[in-house]
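S.K.:
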Amino acid sequence: DTEVTQTPKHLVMGMTNKKSLKCEQHMGHRAMYWYKQKAKKPPELMFVYSYEKLSINESVPSRFSPECPNSSLLNLHLHALQPEDSALYLCASSQDGGDTEAFFGQGTRLTVV
Amino acid sequence: QKEVEQNSGPLSVPEGAIASLNCTYSDRGSQSFFWYRQYSGKSPELIMFIYSNGDKEDGRFTAQLNKASQYVSLLIRDSQPSDSATYLCAVNIAIGDDKIIFGKGTRLHILP
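Line by line, the protein sequences give chains Y and P. Using the working numbering, read the first sequence as starting at 2 and increasing by one per residue. Using the working numbering, read the second sequence as starting at 6 and increasing by one per residue.
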């Protein structure tokens, strides 16, 4: 089983809203990732958690706030987003970080209005 | 600046032929290499990974790695219309580093 589950699949939010994206994996992977992908662009790394601790933050604006409540769950809290933040947000997990293959969830299509 | 370079395409290949996709990377410390397939509007799907120099085969797919030349490729034999997608090359920065970066992807179009 290589399943990573993301919810919701689609999200529309206003610029003053607060919302959260959720990601879950039950493969015992130690590393979990958030990527952002704009149309016709590659995934762009945002955050990496290793053993539930934030290990990489790619200088992401503070309106994006990651959280890893336990080894299976990863959240991305959104607040005061801009229309240009509209994108596909992808969660991934990997058994041993960058040394092993990462598996992606189906993504959340976010639209900021 | 760590970089992963791919030809954006589109690469058009007749059905049944071999599609050859190429990727170069800038960091000699990179040790893990991945190929993902992404259909429009969908998330990336892992199709191959390779860690050692040489060839690795899985069904119709062969990944080739040459660390001296900093070059990794993906061959798709007996190409099918369902192989039409964007193929993303991904690389880790260094052994023990969790950062995985992606090339811009190559759009592959299989001609029926």
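Here a beta-carbon is modelled for each residue, glycine too, at the ideal position from N, C-alpha and C.
(1) Within the same chain, show all residues whose beta-carbon is closer than 7 Å to that of P:ARG82, passing over the 5 residues directly before and after it, in chain order.
(2) According to a CB-to-CB cut-off of less than 8 Å, which residues of the stretch 47 to 73 of chain Y neighbour chain P?
(3) Mapping the DSSP letters down to three states, classify Y:ASP100 as helix, strand or coil.
(4) What are the start and end residues of each continuous beta strand (DSSP E) run of 3 or more residues lying completely inside the stretch 36 to 115 of chain P, in chain order?
(5) Near Y:SER95, which residues of its chain fall below 7 Å by C-beta distance, leaving aside the five closest residues on each side in sequence?
(6) Considering only residues of the same chain and omitting the five flanking positions on each side of Y:TYR52, which have a CB-CB separation below 6 Å?
(7) Counting pairs of Cβ atoms below 8 Å between the stretch 73 to 81 of chain Y and the stretch 73 to 82 of chain P, do you hit three or more?
(8) Enumerated in chain order, which unbroken segments of the beta strand (DSSP E) with a length of 3 residues or greater are wholly contained in the stretch 56 to 110 of chain Y?
(9) If distances are taken between C-alpha atoms only, which option among Y:TYR36, Y:SER73, Y:GLY108, Y:PRO84 comes closest to Y:LYS54?
(10) Counting only beta-carbon separations shorter than 8 Å, does Y:PRO9 have a partner in chain P?
(11) Going by the CB atoms, is the gap between P:SER31 and P:GLU50 shorter than 8 Å?
(12) What's the call for P:ALA95, buried or exposed, on a 16-neighbour Cβ count within 10 Å?
(13) Do the stretch 81 to 90 of chain Y and the stretch 58 to 76 of chain P make contact, defined as three or more Cβ pairs closer than 8 Å?
(14) In whole angstroms, what separates the C-alpha of Y:HIS11 from that of Y:SER87?
(15) If you reduce the DSSP assignment to three classes, tell me which class P:GLN11 lands in.
(16) Per DSSP, which one or two residues make a beta bridge with P:SER31?
(17) Report yes if the CB atom of Y:THR109 is closer than 8 Å to the CB atom of Y:VAL13, and no otherwise.
(18) If we ignore side chains and look at the alpha-carbon of each, how far apart do Y:ASN71 and Y:LEU46 end up?
(19) Would you call the CB atoms of P:SER37 and P:ASN97 closer than 8 Å?
M.R.: This is what the structure gives:
(1) Within the same chain, P:ARG82 has close Cβ partners ILE23, ARG65.
(2) Contacts with chain P (Cβ-Cβ distance below 8 Å) from the stretch 47 to 73 of chain Y involve VAL49, SER51, SER56, ILE57, listed in chain order.
(3) It is helical.
(4) For the stretch 36 to 115 of chain P, whole beta strand (DSSP E) runs of length 3 or above, ordered along the chain, are 38 to 43, 50 to 55, 59 to 63, 66 to 71, 76 to 81, 90 to 97, 105 to 107.
(5) Counting only Cβ-Cβ distances below 7 Å, and skipping sequence neighbours, we find HIS30, ALA32, THR101, GLU102, ALA103.
(6) Scanning its chain for C-beta atoms nearer than 6 Å, with the 5 sequence neighbours on each side dropped, one finds around Y:TYR52 the residues ARG31, in chain order.
(7) No, the stretch 73 to 81 of chain Y is not in contact with the stretch 73 to 82 of chain P.
(8) Correct list: 65 to 71, 74 to 80, 88 to 95, 103 to 105.
(9) Closest by alpha carbon: Y:SER73.
(10) Not closer than 8 Å to any Cβ of chain P, the Cβ of Y:PRO9 fails to qualify, so no.
(11) Cβ distance not < 8 Å, so P:GLU50 and P:SER31 don't count as in contact.
(12) Flag for P:ALA95 reads buried.
(13) With a cut-off of 8 Å on Cβ pairs, the stretch 81 to 90 of chain Y is not in contact with the stretch 58 to 76 of chain P, counting fewer than three such pairs.
(14) Using only the alpha carbons, I get a separation of about 11 Å.
(15) In the structure shown, the three-state DSSP call for P:GLN11 is coil.
(16) In the DSSP output, where bridge partners are listed per residue, P:SER31 has none listed.
(17) Against a cut-off of 8 Å, the Cβ pair of Y:VAL13 and Y:THR109 comes out as no contact.
(18) Looking at the two C-alpha atoms, the distance is approximately 21 Å.
(19) A Cβ-Cβ contact shorter than 8 Å links P:SER37 with P:ASN97.
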